[in-house]
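**Q** Questions regarding the structure given below will be posed in turn.
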Amino acid sequence: GENVEQHPSTLSVQEGDSAVIKCTYSDSASNYFPWYKQELGKRPQLIIDIRSNVGEKKDQRIAVTLNKTAKHFSLHITETQPEDSAVYFCAASIGYGQNFVFGPGTRLSVLP
Amino acid sequence: NAGVTQTPKFQVLKTGQSMTLQCAQDMNHEYMSWYRQDPGMGLRLIHYSVGAGITDQGEVPNGYNVSRSTTEDFPLRLLSAAPSQTSVYFCASTRRGGPQETQYFGPGTRLLVL
């Protein structure tokens, strides 16, 4: 089955700097790659996603890139702010959003 | 829309007890899933359903049962609780099609098994 790895497990950046989180997946059939943000004690919330037919997607300060050949995808956050501090999860799925497999998460801390 | 709702928010069980975690969604989503979240391990899929009357096992199904008699409801049953089932449980529903396969999560149920 699918296996998703995520690095780093923790990341500290200064406010205003960029943050990059990387994930790799094992199943070449996976075609949908969402990223979730989870604040302490809250539910995960989708922040951005990408499909396998697209190489990059941007939404304001957040971008995701996908390399199908290498089977890895990355989350890029620019101009980080303290409110970006949270745990970020990547995931991969095959087909119509079923059977999501999540990475173990990255705890991002944005230092003022 | 209430979105995805879960009850209870918090539960304490003794080893061997059984209980049902409730999940409901009012968005007419076909897909619903149950995850457990343990520290440092992300979310792991327990069971999922692609529609009423259809369920399947995820990564960690042992000790749990599900049913999907309606589109709206997807309860998770713990048959005989064990301390290893202490976790936070999230139910999720997924909108199929369109530009996003957005997965909406419920608020979670914190379960402590003594």
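Respectively, the protein sequence lines represent chains A and B. Every position in the first sequence, counted from 1, becomes a number in my numbering once 34 is added. Every position in the second sequence, counted from 1, becomes a number in my numbering once 112 is added. By construction, the Cβ of each residue, glycine as well, lies at the ideal position given by its N, Cα and C atoms.
Distance cutoff 8 Å, beta carbons only. Does B:Y160 sit that close to anything in chain A?
**A** yes
**Q** What is the DSSP secondary structure of B:V168, reduced to helix, strand or coil?
**A** In the sequence on display, residue 168 of chain B carries Asp and not Val. Strand at B:D168.
**Q** Measure how close the beta-carbons of A:E39 and A:T58 come, nearest whole angstrom, since I'm counting them as under 8 Å.
**A** 5 Å
**Q** B:L125 and B:L223 look like a contact to me (Cβ under 8 Å); what is the Cβ gap, rounded to whole Å?
**A** 7 Å
**Q** Output yes or no for whether 8 Å exceeds the beta carbon distance between A:Y66 and A:R95.
**A** no
**Q** Whose CA, out of A:H41, A:P42, A:V47 and A:A125, lies closest to the CA of A:P116?
**A** A:V47
**Q** Can you pull the chain B neighbours of A:L80, defined as C-beta to C-beta under 7 Å?
**A** T214 and Q215
**Q** Find the nearest neighbour of B:S196 within the set B:P151, B:F217 and B:N140, judged by alpha-carbon distance.
**A** B:P151
**Q** Report all residues from its chain with a CB closer than 7 Å to the CB of A:H19; omit the five preceding and five following residues, and keep chain order.
**A** Since the first and last residues shown for chain A are 35 and 146, residue 19 of chain A lies out of range.
**Q** Note down, in chain order, each residue of its chain lying with its Cβ closer than 6 Å to the Cβ of A:G139, except the 5 sequence neighbours on either side.
**A** Counting only Cβ-Cβ distances below 6 Å, and skipping sequence neighbours, we find V121 and F123.
**Q** Less than 8 Å between the beta carbons of A:S119 and A:V135, yes or no?
**A** no
**Q** I need the straight-line Cα distance from A:K91 to A:D83, nearest angstrom please.
**A** 8 Å
**Q** Can you pull the chain B residues whose beta carbon is under 9 Å from the beta carbon of A:P42, in chain order?
**A** Per Cβ cutoff of 9 Å: no residues; A:P42 is ~13 Å from chain B at best.
**Q** Identify whether B:Q197 lies in helix, strand or coil by the three-state DSSP scheme.
**A** helix
**Q** Give the residues of chain A in contact with B:M153, contact being defined as C-beta atoms less than 7 Å apart.
**A** At a beta-carbon threshold of 7 Å, the residues of chain A lying near B:M153 are P138, ordered along the chain.
**Q** Taking only beta carbons into account, state which residues of the region 158-189 of chain B come closer than 8 Å to chain A, listed in chain order.
**A** When C-beta distances to chain A are compared with 8 Å, the residues of the region 158-189 of chain B below that value are Y160, V162, G170 and E171, in chain order.
**Q** What does A:I67 reach in chain B if we use C-beta pairs closer than 9 Å?
**A** What sits at residue 67 of chain A in the sequence shown is Phe, not Ile. Here the premise fails: no neighbours, minimum Cβ distance about 10 Å.
**Q** Is B:V225 near B:A194, with beta carbons less than 8 Å apart?
**A** yes
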